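**Q**
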Amino acid sequence: MLVLMVGAIGGLAWRFRFARAQSIARDRFAAPPDDADAAPIRRRNLRPVIGRFYWISLVAGILAALVLYVLVGASLVISTTIGIIAALLTFMLEIQIAEFRRAKLETQLAEAIDLMVGALGAGAGVNTAMGVALEETRDPLRTLLRDVIERIRYGDDPEVVFQDVSSRVPMETFLLFSSALAVHWDVGGSLAPTMASVGRTIRDRIEIARQIRSNIAQSNISTVAIIGLTYFIAAVMWRNSPEQTFEFVASPTGEFFVAGSMLLQAVGIVWMYLMSRAKF
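Everything in the sequence shown is counted per our numbering, starting at 166 for the first residue and increasing by one.
Have a look at this one:
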């Protein structure tokens with residue numbers, strides 16, 4: 166079990182390192198080309214709109230294992246297993262919270278684009294249209310739009326500002342939004358039809374994601390029901406013959422099977438969740 170716990174910690178560390186490498190690669194890709202005649206553009210220390218806290222799962226697993234082993238007096242095998250399960254479930258919960266915030270941002274962006282299209286159709290400029298969207302938008306998108314408007318008004322390069330938007334929110338919808346604004350700022354033309362197309366694309370993505378979530382909800386409920394049934398059977402066995410059940414669980418063989426089954430169930434839940442996520 167110690168090997169499994171070390172493997173889980175190593176996996177979380179690898180995931181954090183991989184996410185860090187992706188962030189560095191995006192920053193390098195967004196960097197302007199070398200030009201001796203051009204003045205260097207100062208890049209800001211960007212803070213992601215959706216923060217990720219992978220380390221919380223590691224802390225939760227260690228705390229759960231220590232509490233069971235030191236305070237409760239559980240065995241090392243059971244404590245380690247519960248710690249790994251707590252880390253896996255906390256990791257899945259962190260992903261769910263981040264995806265909820267991503268979905269909220271996409272919905273807010275679609276609504277803000279609709280407001281911008283209306284203002285652009287009435288003859289307003291880009292800054293004015295973004296200001297109209299800012300007045301009707303709430304956080305977290307409100308803070309991002311305010312930062313974009315203020316930086317452009319203070320004289321920052323609009324292309325760099327729009328690149329920073331896609332860096333702070335690494336999502337395809339925000340990349341499409343910022344790219345459309347950057348291209349319009351360079352070449353001009355009518356922005357309203359382009360933003361209308363971007364808004365329709367974002368709403369189509371939101372609708373597809375909702376359909377996928379509704380289709381996989383039934384399978385998730387079935388999985389939870391089957392796993393809950395195993396614990397119900399264990400409770401019935403404990404109720405009918407507590408002495409024999411305790412002797413089995415306290416034995417090395419029973420302890421191994423109980424810990425292994427609980428760990429495999431937790432891994433299966435996380436695995437099914439990761440496989441059923443919409444990626445497009």
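Even glycine gets a Cβ: it sits at the ideal position worked out from N, Cα and C. Bear in mind that the values here come from a model prediction, so they are computed numbers and not experimental data.
Smallest Cα separation from Val-358: which of Ile-398, Val-214, Ala-287?
**A** The residue given as residue 358 occupies position 193 in the sequence shown. Val is not the amino acid found at residue 358; the sequence shown has Pro there. Check the Cα spacing between Pro-358 and each of Ile-398, Val-214, Ala-287: the tightest is with Ala-287.
**Q** Among Arg-303, Leu-439, Gly-296, which has the Cα closest to the Cα of Ile-381?
**A** Here residue 381 refers to the residue found at position 216 of the sequence shown. Nearest option by C-alpha distance: Leu-439.
**Q** Can you find at least 3 beta carbon pairs, one from the segment 244-251 and one from the segment 222-233, that sit closer than 8 Å?
**A** Output reads yes: the segment 222-233 touches the segment 244-251.
**Q** Which term fits Gln-261, buried or exposed, when burial requires 16 or more other beta carbons within 10 angstroms of its beta carbon?
**A** Indexing the sequence shown from 1 puts residue 261 at position 96. Counting Cβ neighbours within 10 Å, Gln-261 comes out exposed, since fewer than 16 surround it.
**Q** What does the alpha-carbon distance come out to for the pair Thr-388 and Arg-303?
**A** Stepping through the sequence shown from its first residue, residue 388 is reached at position 223. Stepping through the sequence shown from its first residue, residue 303 is reached at position 138. Taking the straight line joining both Cα atoms gives about 37 Å.
**Q** Report the three-state DSSP secondary structure of Pro-118 (helix, strand or coil).
**A** With the chain running from 166 to 445 in the structure shown, residue 118 is simply not present.
**Q** So for Ser-441, helix, strand or coil by DSSP?
**A** Taking the first residue of the sequence shown as position 1, residue 441 is located at position 276. Shown here, Ser-441 sits in coil according to DSSP, grouped into three states, outside any helix or strand.
**Q** What did DSSP end up calling Ile-215 once you bin it into helix, strand or coil?
**A** Start at 1 with the first residue of the sequence shown, and residue 215 comes out as number 50. Note: Ile-215 maps to coil in three-state DSSP.
**Q** Starting from Ser-331, trace the alpha helix (DSSP H) both ways and give me its first and last residue.
**A** Within the sequence shown, numbered from 1, the residue matching residue 331 stands at position 166. That run of the alpha helix (DSSP H) goes 323-333.
**Q** Report the rounded CA-to-CA distance for Ala-431 versus Leu-306, giving the unit in angstroms.
**A** Reading the sequence shown from its first residue, position 266 is the one you call residue 431. Reading the sequence shown from its first residue, position 141 is the one you call residue 306. Each residue's alpha carbon lies about 35 Å from the other.
**Q** Using the Cα positions of Val-348 and Val-291, report the straight-line distance between them to the nearest angstrom.
**A** Start at 1 with the first residue of the sequence shown, and residue 348 comes out as number 183. Start at 1 with the first residue of the sequence shown, and residue 291 comes out as number 126. Roughly 13 Å between the two C-alpha positions.
**Q** Among Thr-293, Ser-332, Pro-335, which has the Cα closest to the Cα of Ile-317?
**A** Here residue 317 refers to the residue found at position 152 when the sequence shown is read from its first residue. Taking only the C-alpha atoms, the option nearest Ile-317 is Thr-293.
**Q** Do you know offhand how far Ala-196's Cα is from Met-257's?
**A** The residue labelled residue 196 in the question sits at position 31 within the sequence shown. The residue labelled residue 257 in the question sits at position 92 within the sequence shown. Because Ala-196 sits at a pLDDT of 48, beneath the cut-off of 50, its placement in the model cannot be relied upon, and the point is left open.
**Q** Cα separation between Leu-223 and Val-297?
**A** Looking up residue 223 in the sequence shown gives position 58. Looking up residue 297 in the sequence shown gives position 132. Approximately 43 Å, taken between the alpha carbons.
**Q** For Leu-299 and Leu-285, which I take to be in contact (beta-carbon distance under 8 Å), what is that distance rounded to the nearest angstrom?
**A** What you label residue 299 is simply residue 134 of the sequence shown in a count that begins at 1. What you label residue 285 is simply residue 120 of the sequence shown in a count that begins at 1. Contact flag wrong, Cβ pair sits at about 15 Å.
**Q** Please return the same chain residues whose Cβ sits closer than 7 Å to the Cβ of Glu-420, not counting the five positions on each side in sequence.
**A** In the sequence shown, counting from the first residue as 1, residue 420 sits at position 255. Ser-240, Val-242, Ile-243, Val-414.
**Q** Would you report the Cα separation of Pro-198 and Phe-327, rounded to the nearest angstrom?
**A** Start at 1 with the first residue of the sequence shown, and residue 198 comes out as number 33. Start at 1 with the first residue of the sequence shown, and residue 327 comes out as number 162. Interpretation of Pro-198 is limited by its pLDDT of 47, a score under 50 that renders its predicted location unreliable; the figure taken from the coordinates is listed afterwards. Pro-198 and Phe-327: Cα-Cα distance of roughly 16 Å.
**Q** Run the CB neighbour count on Met-281, radius 10 Å, all protein chains shown included, and call it buried at 16 or more, exposed below.
**A** The count along the sequence shown starts at 1 and reaches residue 281 at position 116. With 16 or more Cβ atoms within 10 Å of its Cβ, Met-281 is classed as buried.
**Q** Counting C-beta neighbours from all protein chains within 10 Å, is the total for Phe-218 16 or more, i.e. buried, or is it exposed?
**A** Walking along the sequence shown from the start, residue 218 turns up at place 53. With fewer than 16 other Cβ atoms within 10 Å, it is exposed.
**Q** For a quick check, are the C-beta atoms of Arg-370 and Thr-338 less than 9 Å apart?
**A** Indexing the sequence shown from 1 puts residue 370 at position 205. Indexing the sequence shown from 1 puts residue 338 at position 173. Cβ atoms of Arg-370 and Thr-338: closer than 9 Å.
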